[in-house]
Amino acid sequence: MNSFSAAQRTRVTMLDVAQRAGVSKASVSRFIGEDRALLSAAIAERIEQAINELGYRPNQMARGLKRGRTRLIGMLVADIRNPYSIAVMHGVETACRQHGYNLVVCNTDRNDEQEHQHLAALRSYNIEGLILNTLGHHPDALQALHQEMPIVLIDRKVEQLHSDMVGLDNAGAVRMALEHLQEQGYRDLLLVSEPIDGTSSRSERIESFNQYLAQHPSLSGAAVQTGPQLNTDIQAFLQAAGPGPKAIFCSNGVAALACTQVLRELNCRLFEDVGLIALDDLDWFALVGSGITALAQPTQQIGASAFDCLLRRLKGDTGPAHNLDFAARLIVRGSTQHAPP
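FYI, this note's numbering numbers position 2 of the sequence shown as 85, with every residue one higher than the one before it.
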């Protein structure tokens, strides 16, 4: 028999505290709830002493269910290993804690069935609201859930789900990146993105890239995706004739890592043979050569704002859904400072 099992069987209850303090169970309930002021100082002192002696811990979940409030917020993410997801999650959790809520995080690992199972689990936990940063391939289940609680989307839209959405101004970020590359003298551009896979933010960045090229005839460019073909695609881009100096624009940190690895495999002189700029600003960017130029996302603010939107809905706001887009911040490093002749 392990000690955990023994501890489970001997868990101290509210009745144990009441018997030790010589008071009613209702008095203990008032003490650990919001009605402590109704108790006399002497009774409150006896209850507190009994709690300390027995090591009693109130069952917050049970108390919440009884009142119809669990103060639990659910968050569903597509890939918990993604640095963006981790950073945004930190912003959400910090905001939750500041307002007395606890965050329950589930990772779908980009798996539809896992997403479905997590949605069912979160619903069973009686969460009060849901923050979604995932594929959203179960719109019917999400719509049903939205009838019960507010849902806020982060970074990616979900078809047929009319919810508040918080994320990046993707068109503005792409424009900022391409204007910088153009000012630095780069003319032949390659956008590298993770596979779209129904992710609206990725498709918006590719669309904005193509629109910018169409508006600037002096530039040439193409878009490719990460994966087994990336080495071949980048090699072909570097070897092909173009209108001028070449640069690669990575649409997020994951794409930036993949591109950096490929450039090393090709023995390409980083930042000398080709420029490099990435959307996201990861810790390792500053450690590669003279640093990778980045467009930093305000991930802490995005996460906190997502919770703020949810909290507003929990407090009764029934207004139309709205989008909150944040601007990226350009951080210039050595990877784009000198376009090769």
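Every residue gets a Cβ at the ideal spot worked out from N, C-alpha and C, and that includes glycine.
From the listed residues Ala323, Leu397, Ala260, the smallest Cα separation to Ala410 is found for Ala260. With fewer than 16 other Cβ atoms from the protein chains shown falling within 10 Å of its own Cβ, Val415 counts as exposed. Cβ neighbours of Gly268 within its own chain (closer than 6 angstroms, five residues either side excluded): Pro328, Ala422.
When the five nearest sequence neighbours on each side are left out, the beta carbons in the same chain lying within less than 7 angstroms of the beta carbon of Leu413 are those of Met259, His263, Leu378, in order along the chain. A Cβ-Cβ contact shorter than 8 angstroms links Arg193 with Ala161.
Note on Arg113: 16 or more other CB atoms within 10 angstroms of its CB, so buried under the neighbour-count rule. A residue is called buried once 16 or more other Cβ atoms fall within 10 Å of its Cβ, and Glu348, having fewer, is exposed. The DSSP-derived three-state label of Gly417 is helix.
Within the DSSP bridge table, the entry for Ala330 names Leu272, Gly358 as partners. Under the 10 Å beta carbon count, Thr153 is surrounded by 16 or more other beta carbons and is classified as buried.
Under the criterion of beta carbons closer than 8 angstroms, Gly250 and Asp408 qualify as touching, at roughly 6 angstroms. In this model, Cys392 and Ser246 are separated by some 10 angstroms (Cα to Cα). One alpha carbon belongs to Val111, the other to Arg94, and they sit about 16 angstroms apart. Straight-line measurement puts the Cα of Thr309 at about 17 angstroms from the Cα of Phe292. Here Arg412 carries a strand assignment [DSSP, helix/strand/coil].
Sequence-distant partners of Tyr184 (beyond 5 residues in either direction) whose C-beta falls short of 6 angstroms from its own C-beta, in its chain, are Arg154, Ile156. Between the C-alpha atoms of Val275 and Ser284 there is a straight-line separation of about 14 angstroms.
Using a Cβ-Cβ distance cut-off of 8 angstroms, the region 198 to 216 and the region 393 to 403 are in contact, since at least three pairs of beta carbons, one from each stretch, lie closer than that value.
The Cβ-Cβ distance between Gly304 and Leu273 falls below 8 angstroms.
Judged by their CB atoms, Glu242 and Asn335 are not nearer to each other than the 8 angstroms cut-off. Taken through DSSP and simplified to helix, strand or coil, Val111 comes out as helix. About 10 angstroms separates the CB atoms of Leu159 and His221; that is not less than 8 angstroms, and the two are not in contact. Around the beta carbon of Ile163, fewer than 16 other beta carbons lie within 10 angstroms, which makes this residue exposed. A straight-line Cα-Cα distance of about 15 angstroms links Ala109 and Glu128.
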